[in-house]
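Remarks on the structure that follows.
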Amino acid sequence: MGESVNCKILADAMRKKIKRTVASLDGAPKLVSLQVGDFPSSDVYVRNQMKQATLLGIGYQVIRLSPRADARKVLRVIDDINNAPDVTGAILQLPLPRHLSASELIGALDPVKDAEGLHPLNLGRILQGNGTPRIGPCTAMAVMEILSFIKQDLYGREVVVVGHSATVGRPLSLLLLGAFATTTVCHIATYERRVLASHVQGAEILIVAVGKPGVIKGAWVKKGSVVIDVGINRQNGTIVGDVEFE
Numbered sequence: 001m002g003e004s005v006n007c008k009i010l011a012d013a014m015r016k017k018i019k020r021t022v023a024s025l026d027g028a029p030k031l032v033s034l035q036v037g038d039f040p041s042s043d044v045y046v047r048n049q050m051k052q053a054t055l056l057g058i059g060y061q062v063i064r065l066s067p068r069a070d071a072r073k074v075l076r077v078i079d080d081i082n083n084a085p086d087v088t089g090a091i092l093q094l095p096l097p098r099h100l101s102a103s104e105l106i107g108a109l110d111p112v113k114d115a116e117g118l119h120p121l122n123l124g125r126i127l128q129g130n131g132t133p134r135i136g137p138c139t140a141m142a143v144m145e146i147l148s149f150i151k152q153d154l155y156g157r158e159v160v161v162v163g164h165s166a167t168v169g170r171p172l173s174l175l176l177l178g179a180f181a182t183t184t185v186c187h188i189a190t191y192e193r194r195v196l197a198s199h200v201q202g203a204e205i206l207i208v209a210v211g212k213p214g215v216i217k218g219a220w221v222k223k224g225s226v227v228i229d230v231g232i233n234r235q236n237g238t239i240v241g242d243v244e245f246e
């Protein structure tokens, strides 16, 4: 097995930097989390966000709506958030009840307050490719931070992204293209055509965000390549990624 990178070092350094920045502001920023319905996965994110916000000196408020709340009700709450002068940023927790459209509700957020970078305007700025965007999808931006932390020169490198979700794979591929990486995006059709292994084998940098444990076999990974496993899967009482780590 190759060398593992302890990204907690990077996270701790970023927390210290953010804490100093927050302390230097005239007033504390405030993040609002809008949660519609009852989803255990959302509860985990909310608890973690609240914990981090408290540690960093950022105000944090949770607005919980009934799973039966209709689009008009949610849009009214989003409008209130947009117009609240004390609210700096907002997150619409996903998933949503089936009768609600995530794209419609995210599109209703003020793009300046869109803390997760999923508003069409913020995604469009990534498409422009003018350097690192000020606001972008959190996980995609985190991957770019990790690549910078481990001093990876992306220029012309063969980078393979497995997974093309709107929150990770697609925006990440655009960020990589903006850094002039030679970027290949694989997805379910690549897997079904049975050519996923051949793409993975050519990767100098492999980034996987699928949500399926062990979908990438260790034997496929080229020796000396960099692997960033974004997958979070519960298996046998523990958390595993998408790549066969062992």
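Taken in order, the sequence shown gives residues 1 to 246; the numbers are from my numbering.
Where a beta carbon is used, it is the ideal one built from N, C-alpha and C, also for glycine.
Pair within 9 Å by beta-carbon distance, residue i and residue j
i	j	result
residue 215	residue 185	no
residue 227	residue 240	no
residue 114	residue 142	no
residue 116	residue 137	yes
residue 334	residue 102	The displayed coordinates of the chain run from 1 to 246. Any statement about residue 334 would go beyond what the structure contains.
residue 88	residue 133	no
residue 36	residue 84	no
residue 195	residue 160	no
residue 171	residue 203	no
residue 10	residue 145	yes
residue 180	residue 154	yes
residue 218	residue 163	no
residue 121	residue 42	no
residue 213	residue 231	yes
residue 104	residue 53	no
residue 173	residue 183	yes
residue 67	residue 38	yes
Boundaries (first-last residue) of the alpha helix (DSSP H) holding residue i
i	result
residue 158	Counting along the chain, residue 158 falls outside any alpha helix (DSSP H), though it belongs to the beta strand (DSSP E) covering 158-162.
residue 45	40-56
residue 22	7-24
residue 78	71-83
The beta strand (DSSP E) enclosing residue i, as first and last residue numbers
i	result
residue 238	238-240
residue 63	59-65
residue 92	89-92
residue 33	30-36
residue 226	226-229
residue 234	233-235
Beta-carbon separation (whole angstroms), residue i vs residue j, contact threshold 8 Å
i	j	result
residue 112	residue 56	20 Å between Cβ atoms; not a contact.
residue 126	residue 118	In fact, because the Cβ distance is near 11 Å, the residues do not count as touching under 8 Å.
residue 129	residue 177	7 Å
Minimum length 4: unbroken alpha helix (DSSP H) runs contained in the segment 176-224: 188-192 and 196-201
Does the structure place the segment 17-34 close enough to the segment 57-73 that three or more beta carbon pairs sit under 8 Å? yes
Contained alpha helix (DSSP H) runs [length at least 4] in the segment 96-157, N- to C-terminal order: 102-108, 120-128 and 138-149
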